[in-house]
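Take a look at the structure below.
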Amino acid sequence: MCADKRHMTAAFTGNSNKGFMHLDIQSVAKTFITSFTRKKIQAVQDFSLSIDPGEIFGIVGPNGAGKSTVLKMLMGFIRPDKGKISLLGKQPGDPESREHCGYLPENPYFYDHLSAFELLQFSARASDMPPHNINPRIDQLLKLTGLDSAKNRRLRSYSKGMIQRAGICFALVHDPNIVVLDEPMSGLDPLGQQMVVDIILDLKKRGKTVLFCSHILSDVERICDRTGIMVHGRLRKILQKNELLDQGNSVRIVADALTPELERRCREFGWSVLTKSTHVTITCPREHLSDALTLCGEEKVRIITVDNTVNTLEQIFLQTVKETEP
Amino acid sequence: MTVNRLLPVSLIAALLLYGAAWQHLQHERHVFLQENYMDYTLPSRFTGPAAMEFKGIVSDFLFLKVITFLGERIGKQEEFNDQHFQYLEESVNTITDLDPYFWDAYLFADMIFTWDLKEYEAANKLLLKARQYRTNDYRVPYYLGFNYFFFLKDNINGSKYLMEASKLPASPYYLASLAARLSVYALEHRIGIIFLKEMIMDTENEQIKSEFILRIKALEIMDQLEKKVREYKKTYRKLPSSLAELVTAGLIDKIPNDPYGGQFIMMENGRVYTTSKMLRKK
Amino acid sequence: MNRRIWSLAVITFKEGIRDRTLYGIGLFALMIMGLSLVVTGFFLRELHKVTVDINISAITFGGLLIIFSLSVNLMSKDLDKRTIYSVLSKPFSRAQYLIGKFIGLVLLSLTALCMLTLVSTLTIWAVKSQYPVYFKEFVWLSVFQAVFAEFLMFMVLNAVVIFFSTVTTSSFLTLLFTISTYIVGQTVEEVVQFIQSQAQEIQLTTAVKTVIEMTQYIVPNLSVYDLKIRAAHGLSIPFSYLLSITGYSLIYSAVLILLASIIFSRRELT
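Protein chains in written order, with our numbering: chain A, 4 to 329; chain B, 137 to 418; chain C, 100 to 369.
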């Protein structure tokens, strides 16, 4: 465990009272052993995270970074090899820890022959919702997610996006205090994605805790109070929303080539440079824009476009991934 | 285009070929079955565990196989031989091991054993097995008694089993008196006639019925002859030396013919029997 | 009963009862029962026996098919298709999950059994009114007693399905182990009796003997549920016997579910 990360973790956990913590993960590690070759795969290493009530935390990371594994350990599907997890003060091994918890699995799959309505009834009853609240709550959610007209159809006739919506309803029926969502946007059309964003923001407004992981960085950036970047089973960075906003002040210049001189100068200024096969992206603070453009002109590099993207998370993400590469 | 036309043509050709092949197989199979076919039934030590909890329905299936196989041979008037006996004995043992209460199987085998195969001991052994399980069924000792009386001409055992049958529920009212008389007048033909007349009423099989009628006919003649012998004895205070003396004395016109094709003879004690032993000549 | 467990039982039951496989199995059983209308005519006197044999066998066969296809599927699909993640994100303990599933499966078997019994009752009644002379020994109560015994067997087999699906990772293995348990359970009594009766004639090593002796304690003795032959002949079954097999089934199922719960609680759902 590197020193600065310990410091960083302490900064996030230290200022909150222990009992008050909604969700607490302490230096958790998990190693899988492949059944055939007996090879060890370190899925999660030294993972610590605490989330306050009313906070939205997003985990981003490349495929296979261990995001889903962390969420599964939270839900008690997998036991960590090391470390401690508590949900509302209870351990995942205790079924009660999930009483006020909603979970959406990655690529959810439900019973083929049930209707969305029956599925949600089950979800509500299993969470001990008072019977008279169940049906109005289900109808409200189905309307919200646009499944109202299909609520009595069997789930096998649902499209992937509809299943995803049903899964979101399943996680939210009993109005849980902690909502854990694994790739909530996957399979959804842009309208659906906006719907999920709205739902999450609404949950925050009502003081709920949301932990989710996603590939769609722009949404994560937009809605998360904090964002963790996970690579190779480790939480590499945790970004505060204001950090991202600061970075949001930067400007992106897309040019068609990169000269060694240009690269050297960019480094000097501390601008980030990202080289791709067809173009080069230089990101610099807004006040440096004219300098950067002049520099490009001097180096005879053709500028394709200039924009003030808010996609700063992408930059940090790609950089973080690159840094961890051996 | 050509492929589209080729496929239906090939299909028709293939179907024609299939028809021919099927016909040929039918023919070959028929010959094969005619030549050397003898059905078999696995012993119950294999069939039992293999049938698991479906012993009842397996026994039904095996029994259906037996009655169609043997029934077909009866229909064709085929002579039964040792092979048939073995098949039937094995099958019925397996069937009644699978379902020891299966009366149809016991009765069918009993009929074939006695009437067609003349294997009386096998028949009685089977009925004794039935007696262990069907303890409340009067028909089991009834048929046992009948076998002793009719086929083995053992009236002592016959009456013993009939007596047993008469004590069981739903047995016909006449059984008790029949059993009693069978034991007292152990050798009287008259009793046999009553017994057989009752049996005819219970029998549906025409062949067996005619067998009974023939037997009754013979018994009635012998009964009649014995009556005449007793009349002769009353008049002459001695037994006739032979049946021919009854004719000489004018008591009968002539010695009647034995429907079984034998000759009636008089024993020293005045009883009348026949040389055919009431067995049909082959 | 715990409302949570019951809600899981209900969706398990609904998911099973709406599966098309069920209609196929039902149709198959109906065909066999229809066959009994025709086939009984071939027999001589004991038509009631043949009718009852065919009908209860059809019920049993249908029930077994439901366990081997639907029950196995309903358990292993949860793990294969990850439906279990959604279910276990609710406050179920692993044991509660298994109990809920078990109750759902038993309900499914019970419903199917009731449907099949209803139809076979009509079939038997039809044959009975066609050949009333040959149904003098027939007793309805015996038939229902035999069907009840089959239900107890289905309960035990459902517990076996639950147990093996927690041990194995594939539906095929669950199916294979369940069918094996069924076959061994059906034959173990006869095999043990055979060995005991022929002790002198067959030379078995003590090891083999011990294995077979042990088997009869581990594997459920499913022969005790086979009352078909007695039912076919209208022989009544003592109440104490029915009580005894009921107790045996409940305790055996409970032990299996407990074992399964212990194993499943340790299992990681990756």
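Where a beta carbon is used, it is the ideal one built from N, C-alpha and C, also for glycine.
Cβ neighbour criterion (16 or more within 10 Å) applied to residue i
| i | result |
| --- | --- |
| residue 210 (chain A) | exposed |
| residue 213 (chain C) | exposed |
| residue 153 (chain B) | exposed |
| residue 378 (chain B) | exposed |
| residue 233 (chain A) | buried |
| residue 274 (chain A) | buried |
| residue 365 (chain C) | exposed |
| residue 298 (chain C) | exposed |
| residue 296 (chain C) | exposed |
| residue 89 (chain A) | buried |
| residue 369 (chain C) | exposed |
| residue 239 (chain C) | exposed |
| residue 215 (chain A) | buried |
| residue 255 (chain A) | buried |
| residue 28 (chain A) | buried |
| residue 147 (chain C) | buried |
| residue 239 (chain B) | buried |
| residue 338 (chain C) | exposed |
Pair within 8 angstroms by beta-carbon distance, residue i and residue j
| i | j | result |
| --- | --- | --- |
| residue 212 (chain A) | residue 56 (chain A) | yes |
| residue 355 (chain C) | residue 283 (chain C) | no |
| residue 264 (chain C) | residue 348 (chain C) | no |
| residue 327 (chain A) | residue 229 (chain A) | no |
| residue 223 (chain C) | residue 235 (chain B) | no |
| residue 226 (chain A) | residue 204 (chain A) | yes |
| residue 246 (chain C) | residue 319 (chain C) | no |
| residue 330 (chain C) | residue 206 (chain C) | no |
| residue 51 (chain A) | residue 26 (chain A) | no |
| residue 257 (chain A) | residue 284 (chain A) | yes |
Chain C contact for residue i (CB, 8 angstroms cutoff)
| i | result |
| --- | --- |
| residue 184 (chain B) | yes |
| residue 20 (chain A) | Confidence at residue 20 (chain A) is low in this model, with a pLDDT of 40, below 50, so the placement of that residue should be treated as unreliable; the coordinate-derived value is given next. So no, residue 20 (chain A) is outside the interface. |
| residue 16 (chain A) | A caution first: residue 16 (chain A) carries a pLDDT of 39, below 50, which makes its placement in the model too unreliable to give a value. |
| residue 329 (chain B) | no |
| residue 188 (chain A) | no |
For residue i, the three-state DSSP class (helix, strand or coil)
| i | result |
| --- | --- |
| residue 27 (chain A) | strand |
| residue 115 (chain A) | coil |
| residue 14 (chain A) | With a pLDDT of only 38 at residue 14 (chain A), under the threshold of 50, the placement of this residue in the model should not be trusted, and no figure is reported. |
| residue 269 (chain A) | helix |
| residue 213 (chain C) | helix |
| residue 44 (chain A) | strand |
| residue 233 (chain A) | strand |
| residue 9 (chain A) | At residue 9 (chain A) the pLDDT is 40, less than 50, meaning the model places this residue with poor confidence and gives no usable figure here. |
| residue 219 (chain A) | coil |
| residue 102 (chain C) | helix |
| residue 156 (chain A) | coil |
| residue 201 (chain B) | helix |
| residue 314 (chain C) | helix |
| residue 234 (chain B) | helix |
| residue 243 (chain A) | strand |
Short CB-CB distance (under 8 angstroms) between residue i and chain A
| i | result |
| --- | --- |
| residue 122 (chain C) | no |
| residue 113 (chain C) | yes |
| residue 273 (chain C) | no |
| residue 180 (chain C) | yes |
| residue 264 (chain C) | no |
| residue 139 (chain C) | no |
| residue 369 (chain C) | yes |
| residue 358 (chain C) | no |
| residue 201 (chain C) | no |
| residue 152 (chain C) | no |
For residue j and residue i, believed in contact at Cβ under 8 angstroms, the rounded distance
| i | j | result |
| --- | --- | --- |
| residue 61 (chain A) | residue 236 (chain A) | In fact, because the Cβ distance is near 18 angstroms, the residues do not count as touching under 8 angstroms. |
| residue 358 (chain B) | residue 348 (chain B) | In fact, because the Cβ distance is near 16 angstroms, the residues do not count as touching under 8 angstroms. |
| residue 326 (chain C) | residue 229 (chain C) | Between residue 229 (chain C) and residue 326 (chain C) the Cβ distance is about 25 angstroms, and since that is not below 8 angstroms, they are no contact. |
| residue 1 (chain A) | residue 150 (chain A) | Nothing can be reported for residue 1 (chain A), as the shown portion of chain A is limited to 4 through 329. |
Short CB-CB distance (under 8 angstroms) between residue i and chain B
| i | result |
| --- | --- |
| residue 327 (chain C) | yes |
| residue 251 (chain C) | no |
| residue 142 (chain C) | yes |
| residue 332 (chain C) | yes |
beta-carbon residue i near the ligand MG non-hydrogen atom, thresh 7 angstroms
| i | result |
| --- | --- |
| residue 265 (chain A) | In terms of ligand content, the structure shown is empty, and the ligand MG therefore cannot be addressed. |
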